[in-house]
Amino acid sequence: MLTIERERVVNNVKEMIIDSTKTLDKSIVDSLFLARENEVNPLAKSVLGKIIENQEIAKEEDIPLCQDTGLVVCFVEVGRDLHFDYDLSEAINEGVSKGYTDGFLRKSIVRHPLNRINTEDNTPAVIHYQFIPGKQLIIHLAPKGGGSENMSTLKMLSPADGKAGIIDFVLKTIREGGGKPCPPLIVGIGIGGNFEYVAELAKKAIFRPIDDVSPIKENRLLEEELLEKINALDVGPMGLGGKTTALAVKVNSAPCHIASLPVAVNLQCHSARKSEVILIGTQA
Ligand code: SF4
């Protein structure tokens, strides 16, 4: 019987939390450098410079990139050959709790939306599961900032709205968000599915590597067109103007009902913290 020891899950999640809140992936940093090089607006260039400097200081001084250390979102791929004699979600949440406590990170989760009592350890995480062939447990994790999440949107369009309707809705979201989601952004877009699934598609889109290209032609063309149009809005870094409003646009799609055209826009701020681990099952 193949399994992953509970302690391995807990410790890996804990380390992922601590590392990801303090360091940006090189691909994101490279993208910020490129944006600064290409930016023509002096203020926008200066803001991008500050964002780059901020992540350098965070790395050197071993401190969080941002005071908002996020709500943890996990996409977990579970190999079908694996067996767990414990609750995997509980183990992931224990890792989250240890990461925020031992890492001295801000705890930002309240027990109930109305009583606003802090859970004191940043749990629970939002966890999505998917089964895959084999003996791997793959955990994709992101401490997701509240500011960019708050400016994210969802709308059930009519099929007659088509591509133009999607573009209008995305641009309206970005324009109305202004500086509040802390641009430059990675814009995750879901199209299709249904009400709850389209939000998950959009969330999953911000987990895609910043430099990947959608294998689906319709999505790829939409990503290219939207990136150009978003960056022509003059929102700019932190909403202060400039042509760097988004570093990337990612579109994920799914089949949908003949009567529907669901669209969701999940905004990822420039503090695009992510981590991934692949654990291989061993004999119990
Ligand atoms: S949206 Fe992102 S950059 Fe802005 S405060 Fe929240 S985590 Fe920080």
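Residues in the sequence shown are numbered consecutively from 1, following our numbering.
Glycine included, every Cβ here is placed at the ideal spot set by N, Cα and C.
- When distances are taken from the beta-carbon of D25 to the heavy atoms of ligand 1, even the shortest one reaches 8 Å or more.
- Taken in chain order, the unbroken stretches of alpha helix (DSSP H) that lie wholly in the region 150–224 and span 4 residues or more are 162–177 and 195–205.
- If you measure from each CB to the nearest heavy atom of ligand 1, the residues under 5 Å come out as C66, D68, G145, G147, S148, C182, C269 and S271.
- C-alpha of A254 to C-alpha of V78: approximately 21 Å in a straight line.
- Boundaries around N252 are those of the beta strand (DSSP E), A246 to C256, since no alpha helix (DSSP H) includes it.
- Counted as a single uninterrupted DSSP element, the alpha helix (DSSP H) harbouring N11 occupies residues R6 to K22.
- Rounded to the nearest whole angstrom, the CA to CA distance from L114 to A125 is 19 Å.
- For K144, there is no enclosing alpha helix (DSSP H); the residue is found in the beta strand (DSSP E) stretching over Q136 to K144.
- Annotation for S108: no beta strand (DSSP E) segment contains it, and DSSP assigns it neither H nor E.
- In the DSSP annotation of this structure, the continuous segment of the alpha helix (DSSP H) that includes G95 starts and ends at L88 to D102.
- The three-state secondary structure of G79, taken from DSSP, is strand.
- In terms of Cα proximity to F104, the closest of L154, I63 and P133 is I63.
- Taking a C-beta distance under 9 Å as the contact criterion, L32 and I52 qualify as a contact pair.
- When the beta-carbon positions are compared, P237 and V40 stay at least 9 Å from each other.
- A distance below 7 Å between beta-carbons, with the five flanking residues on each side excluded, links I127 to the following residues of its chain, in chain order: C74, V76, S89 and I92.
- Assigned with DSSP and collapsed to three states, P64 falls in coil, not helix or strand.
- Contact holds between the region 181–188 and the region 252–270, because three or more Cβ pairs, one in each stretch, are under 8 Å apart.
- CA-CA distance, L247 to K45, rounds to 14 Å.
- Counted as a single uninterrupted DSSP element, the stretch harbouring L233 is not any alpha helix (DSSP H), since DSSP gives it neither H nor E.
- Around the CB of F131, fewer than 16 other CB atoms lie within 10 Å, so the residue is classed as exposed.
- DSSP places S148 within a helical segment (H, G or I) once states are collapsed to three.
- For E276, the closest of E56, E196, T173 and P209 by C-alpha to C-alpha distance is P209.
- For N266, the uninterrupted beta strand (DSSP E) run begins and ends at L261 to Q268, by DSSP.
- DSSP places S46 within a helical segment (H, G or I) once states are collapsed to three.
- K163 sits exposed, since fewer than 16 C-beta atoms from the chains shown fall within 10 Å of its C-beta.
- Bounds of the alpha helix (DSSP H) holding V29 are K26 to N38.
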